[in-house]
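Trainee: Sharing a structure below in structure tokens format, with a few things to ask.
Quick look at the structure:
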């Protein structure tokens, strides 16, 4: 019995020796390894027979079989050093295989760029509800009922009788934050806003705004100019001319509108800037004392400024997008560009 | 209205060049837009602020410009001479609605068309020429900002009554439209309404060819009343635009004076006695201005000379001056100047915004940390992006058609833009289906998208905004590829042990929905939509959806990391394929294997198969088990034993059949 086993094992070894001599290729060598050293190899099958032998026979047989296994291993290792890996020739002109990646919506990207610019100079990020009350959206912002300035914001109502509406700007966040926190404060508040505007190439009934507010001792108009000039240069990353001119918002005074030299035509005049060479990009001003009074701030010791900007407009300028609806159609060929 | 350069010059003493004027208008933020220009004149439009009705006039605009240079306002010298004692009685029902109403009769006028120069001017500033008297009333409005109205005197019966429209009362206005004036302020005679106060006159008393005798009206109406009326009627006119911004008694007086003078000059006739109702008392506002407050807000020093010149040109009288403080008397035409800050803004304007330095504030570094989820949401978005999903943003509205078809209890908008946008969405699913539909129709057929946005609900009279994540895939892999991504998503968010529990959902194909649970709480759901939903959007392809509640996710979110020692000993992997009953719960299989207490590191399903050679009520599941011991290298025969143990257990416990195993 043992002799038979050993004989078969030796024959198996010889077979292995014979087969490996012609191998000059890694793939074939690995196939050889599976055949002669693998878990299902003939040798392994022989090993499993050993369990039926006597103790003494097991020792002799086991020793011999291990020797053979060892020799096969050596053959393998030796041969492995000799065979060369097959040279694979690559045609480098053929393009690589692309993988699908996801990406963020351009509005999210622009919001984050803006938020980070302010975050770096210590502005905290705040958010507020999209369904607002008349009080927070208008009255608390020094825009009482029947104020003619309310026409600037054509409002969607959810429940007009109970003064529930969709916020028309992110400014209510200012009031909500000031009610909750004492000065000094610095916040930047991005969010969705709603106005009853037609859905066309330059309007959308839903859009995004970013609101900023800074309140402290000794905050002056010159600082509003300083902070916003810093922001514009950081955001556009190129030399743009910044112009502040008077404007009117009920909740800031003095109020200003900020224009920049057109980033499309560099101020030469084009269709984007209506041939003026300038683009209005944000509204701002010193917080009106009535707004401070509404939230119980001490107007003798604290002053502040606020600003608001339309994200879609800034994204359109930065990326050269000509139609606001692209943001909401979500064509994948549009989205993958950002 | 529009303005012309040459007309404006009529009201200014001194020289001002075209370019200079444009420059001033830009500095003032009025953003002039040139409509037409020739060698000597140009016509322009302005963006005037909502609180400045005075700028809707040549005199108002001239007054706004003169502080800039050596230029001054021109005065009108002519005075009215009353020739006859005729007048019409006035009755004001509520002086709150109409604090002041005046009118004057002019008899036997020369009722003719306007001369060419009047016609041309009217056309240039945006008005249509009519009879001379009517044209004069419009020109005076554009000159000084006070709207006037001219009635045909002979068509007015008895006295003038300023009152609210009665129930069912109607008037046909001069534009030929019949309007319901119930509760709207009207001017009436003893029989009928003859005009909508401050908005538009009535046809019944309009000036015509036959008009001989006229009644000039000049009044001060409550701006809120006019604004409400204008909104209610959906009628905005040059007059209503001015009245609703707040005019004054003195402007009404000036308007009457000026109109009478000019009508007399061009149309002749006999001027009657002025009659008025209401309160003639002019309440001039006074503002106390502290110089230090100017510097506190603006941040630059202001010279006294500058202030004196500015106040003088603006018509602000300094009544008192001490310790760098001024008591200012505000003229009635500047009702926008109510408090100190309004004066500070005027100073800033004329100091020129562009001349202010730009400075960074010096402040203490108060950290201002709010509990906003902004940064966390950003991280969550990035995880989804890394899993290959594109972010989309859709409008937060949902159409009436969808709400009705799928019986959604969504919040309605009272004044929607259109049926397409008439409700607030209470799920993101439909908007994402819209996106899928749009993309399929544009040949984008492989879609992996997500949206993070608010959905809206009304519960017990409270409106709720719930941040939601919805993820959709089609044509980018099998359901299990999708499910795998969702599992990795939760794992990356730190929710390690999520459970999928079968449930029914009205938008899902029967038996193809499960809720996702973490820590005993439902955090989302995963489903394949039913045919009704797909058909509604015309989608044929297999589509997979996952909805996750952001609130719940944020509750369990855990980005904290802790290093785990790397294993010292190698691992071994064994693959298995079993034929299970079709409705097997994989979690049970996993539990049984774990219960065996073997040194198992990981169990992973890598293939599912149904079809050829598989009985229809069975499913073939292939999985691998990775063995690793923390104490030693596992020997082959040890692993063979583990393998056998697992096979035995599964075969017995689940009546499953081993299909094959591989090294």
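Protein chains in written order, with my numbering: chain A, 1 to 338; chain B, 1 to 663. Where is the CB? At the ideal position from N, CA and C, for every residue including glycine.
Between residue 243 of chain A and residue 354 of chain B, how many whole angstroms is the CB-CB distance? I'm expecting something under 8 Å.
Mentor: Walking along the first chain from the start, residue 243 of chain A turns up at place 243. Walking along the second chain from the start, residue 354 of chain B turns up at place 354. Right, their Cβ atoms sit about 6 Å apart.
Trainee: Whole angstroms are fine: how far does the CA of residue 62 of chain B sit from the CA of residue 10 of chain B?
Mentor: The count along the second chain starts at 1 and reaches residue 10 of chain B at position 10. The count along the second chain starts at 1 and reaches residue 62 of chain B at position 62. Their Cα atoms are separated by approximately 9 Å.
Trainee: Any beta carbon from chain A within less than 7 Å of residue 410 of chain B's own beta carbon?
Mentor: As a first step, residue 410 of chain B is located in the second chain; it is residue number 410 there, counting from the start. With 7 Å as the cut-off, residue 410 of chain B does not count as an interface residue toward chain A.
Trainee: Indicate the three-state DSSP secondary structure (helix, strand or coil) for residue 139 of chain A in the structure shown.
Mentor: Residue numbering aside, residue 139 of chain A sits at position 139 when the first chain is read from its first letter. In the structure shown, residue 139 of chain A sits in a helix (DSSP, three-state: H, G or I).
Trainee: Could I get the ranges of all uninterrupted alpha helix (DSSP H) runs contained in the region 35-115 of chain A, with 4 residues as the minimum, in chain order?
Mentor: Those alpha helix (DSSP H) runs which fall completely within the region 35-115 of chain A and span 4+ residues are 42-50, 55-82.
Trainee: CB residue 145 of chain A to CB residue 191 of chain A, shorter than 7 Å?
Mentor: Against the first chain, residue 145 of chain A aligns to sequence position 145. Against the first chain, residue 191 of chain A aligns to sequence position 191. In this structure, residue 191 of chain A does not lie closer than 7 Å to residue 145 of chain A by Cβ.
Trainee: Could you tell me which chain A residues have their CB closer than 7 Å to the CB of residue 297 of chain B, listed as they occur along the chain?
Mentor: Position 297 of the second chain, counting from 1, holds the residue named residue 297 of chain B. In chain order: 220, 221, 286, 303.
Trainee: Which bits of chain B does residue 164 of chain A rub up against, with CB to CB less than 8 Å?
Mentor: Here the question's residue 164 of chain A lines up with position 164 in the first chain. 463, listed in chain order.
Trainee: From what residue to what residue does the alpha helix (DSSP H) around residue 560 of chain B run?
Mentor: Reading the second chain from its first residue, position 560 is the one you call residue 560 of chain B. Here residue 560 of chain B belongs to no alpha helix (DSSP H), and DSSP marks it neither H nor E.
Trainee: Of the residues B/102, B/520, B/391, B/375, which one's Cα is nearest the Cα of residue 249 of chain B?
Mentor: Your numbering for residue 249 of chain B matches position 249 in the second chain. Closest by alpha carbon: B/102.
Trainee: Is there contact here, the region 159-170 of chain A with the region 122-139 of chain A, by at least three beta-carbon pairs under 8 Å?
Mentor: Cβ pair count under 8 Å is three or more, so yes.
Trainee: Taking the Cβ atom as the reference point for each residue, do residue 277 of chain B and residue 90 of chain B lie within a distance shorter than 7 Å?
Mentor: Within the second chain, residue 277 of chain B is the residue found at index 277, counting from 1. Within the second chain, residue 90 of chain B is the residue found at index 90, counting from 1. Yes, these two residues count as a Cβ contact at 7 Å.
Trainee: With a cut-off of 7 Å, does the C-beta of residue 233 of chain A fall near any C-beta of chain B?
Mentor: Residue mapping note: residue 233 of chain A aligns to position 233 of the first chain, counting from 1. For residue 233 of chain A, the answer is no, since every Cβ of chain B falls outside 7 Å of its Cβ.
Trainee: Give the secondary structure of residue 221 of chain B by DSSP, where H, G and I count as helix, E and B as strand, and everything else as coil.
Mentor: Residue 221 of chain B sits at position 221 when you count from the first residue of the second chain. Note: residue 221 of chain B maps to coil in three-state DSSP.
Trainee: Roughly how many angstroms separate the alpha carbons of residue 13 of chain A and residue 652 of chain B, rounded to a whole number?
Mentor: Position 13 of the first chain, counting from 1, holds the residue named residue 13 of chain A. Position 652 of the second chain, counting from 1, holds the residue named residue 652 of chain B. Cα to Cα, residue 13 of chain A sits roughly 41 Å from residue 652 of chain B.
Trainee: Alpha carbon to alpha carbon, what distance is there between residue 388 of chain B and residue 83 of chain A?
Mentor: For the purposes of this step, residue 83 of chain A is taken as the residue at position 83 of the first chain. For the purposes of this step, residue 388 of chain B is taken as the residue at position 388 of the second chain. Each residue's alpha carbon lies about 41 Å from the other.
Trainee: I want to see whether chain A comes within less than 7 Å of residue 368 of chain B, judged by CB atoms only; does it?
Mentor: Within the second chain, residue 368 of chain B is the residue found at index 368, counting from 1. Yes, contact with chain A.
Trainee: Beta-carbon separation of residue 375 of chain B and residue 148 of chain A under 7 Å?
Mentor: Position 375 of the second chain, counting from 1, holds the residue named residue 375 of chain B. Position 148 of the first chain, counting from 1, holds the residue named residue 148 of chain A. In this structure, residue 148 of chain A does not lie closer than 7 Å to residue 375 of chain B by Cβ.
Trainee: Please check the pair residue 525 of chain B and residue 515 of chain B, which I expect to be a contact at CB under 8 Å, by giving their CB distance rounded to whole angstroms.
Mentor: Stepping through the second chain from its first residue, residue 525 of chain B is reached at position 525. Stepping through the second chain from its first residue, residue 515 of chain B is reached at position 515. Confirmed, about 5 Å.
Trainee: Quick one: is residue 186 of chain A near chain B, going by C-beta distance under 7 Å?
Mentor: To locate residue 186 of chain A, count along the first chain from 1; it is residue 186. It does; some Cβ of chain B falls within 7 Å.
Trainee: Measure the Cβ-Cβ separation of residue 261 of chain A and residue 267 of chain A and say whether it is below 7 Å.
Mentor: Taking the first chain and counting its residues from 1, one reaches residue 261 of chain A at position 261. Taking the first chain and counting its residues from 1, one reaches residue 267 of chain A at position 267. Cβ distance < 7 Å, so residue 261 of chain A and residue 267 of chain A count as in contact.
Trainee: In the DSSP assignment, what residue or residues form a beta bridge with residue 12 of chain B?
Mentor: Position 12 of the second chain, counting from 1, holds the residue named residue 12 of chain B. According to DSSP, residue 12 of chain B bridges with B/73.
Trainee: Indicate whether at least one CB of chain B lies closer than 7 Å to the CB of residue 130 of chain A.
Mentor: Numbered from 1 along the first chain, position 130 holds the residue referred to as residue 130 of chain A. Residue 130 of chain A counts as touching chain B.
Trainee: Would you mind working out which of B/428, B/288, B/410 sits nearest residue 391 of chain B, comparing C-alpha positions?
Mentor: Within the second chain, residue 391 of chain B is the residue found at index 391, counting from 1. Checked all of B/428, B/288, B/410; the closest Cα to residue 391 of chain B is B/428.
Trainee: Using only alpha-carbon positions, find the residue among A/306, A/327, A/230, A/312 that is nearest to residue 177 of chain A.
Mentor: For the purposes of this step, residue 177 of chain A is taken as the residue at position 177 of the first chain. Closest by alpha carbon: A/306.
Trainee: Using the Cα positions of residue 183 of chain B and residue 166 of chain B, report the straight-line distance between them to the nearest angstrom.
Mentor: Along the second chain, one-based indexing puts residue 183 of chain B at 183. Along the second chain, one-based indexing puts residue 166 of chain B at 166. Those two C-alpha atoms are separated by around 6 Å.
Trainee: Please work out which residues of its chain come closer than 8 Å, Cβ to Cβ, to residue 329 of chain A, disregarding the five sequence neighbours upstream and downstream, and give them in chain order.
Mentor: The residue given as residue 329 of chain A occupies position 329 in the first chain. None.
Trainee: On the three-pair Cβ rule with 8 Å, is the region 224-234 of chain A touching the region 442-456 of chain B?
Mentor: The region 224-234 of chain A, when compared against the region 442-456 of chain B, does not touch it at the 8 Å Cβ threshold.
Trainee: Tell me which residues share the same chain as residue 236 of chain B and place their Cβ nearer than 6 Å to its Cβ, disregarding the 5 neighbours each side in the sequence.
Mentor: For the purposes of this step, residue 236 of chain B is taken as residue 236 along the second chain, with counting starting at 1. If we look at residue 236 of chain B and ignore the five residues flanking it on each side, its Cβ neighbours are 230.
Trainee: On the three-pair Cβ rule with 8 Å, is the region 189-203 of chain A touching the region 165-174 of chain A?
Mentor: Flag = yes, the region 189-203 of chain A and the region 165-174 of chain A touch.
Trainee: Using DSSP's beta-bridge definition, name the partner residues of residue 306 of chain A.
Mentor: In the first chain, residue 306 of chain A corresponds to position 306, counting from 1. A/213, A/285.
Trainee: Do residue 208 of chain A and residue 107 of chain A count as a contact pair if the criterion is CB distance below 7 Å?
Mentor: As a first step, residue 107 of chain A is located in the first chain; it is residue number 107 there, counting from the start. As a first step, residue 208 of chain A is located in the first chain; it is residue number 208 there, counting from the start. Cβ distance < 7 Å, so residue 107 of chain A and residue 208 of chain A count as in contact.
Trainee: Pop quiz: residue 184 of chain A and residue 363 of chain B are said to be a contact at Cβ under 8 Å. What is the actual Cβ separation, rounded to whole angstroms?
Mentor: Residue 184 of chain A sits at position 184 when you count from the first residue of the first chain. Residue 363 of chain B sits at position 363 when you count from the first residue of the second chain. Right, their Cβ atoms sit about 7 Å apart.
Trainee: Along the region 88-109 of chain A, what residues have a CB closer than 7 Å to any CB found in chain B?
Mentor: If the cut-off is 7 Å between Cβ atoms, the region 88-109 of chain A has 100, 101, 102, 103, 104, 105, 107, 108 near chain B.
Trainee: Just tell me which of B/423, B/341, B/312, B/531 has its CA closest to the CA of residue 156 of chain A.
Mentor: On the first chain, position 156 is the one that residue 156 of chain A refers to. Residue B/423 is the option with its Cα nearest to residue 156 of chain A.
Trainee: Could you give the DSSP three-state label for residue 174 of chain A: helix, strand or coil?
Mentor: Translated into positions along the first chain, residue 174 of chain A becomes position 174. In the structure shown, residue 174 of chain A sits in a helix (DSSP, three-state: H, G or I).
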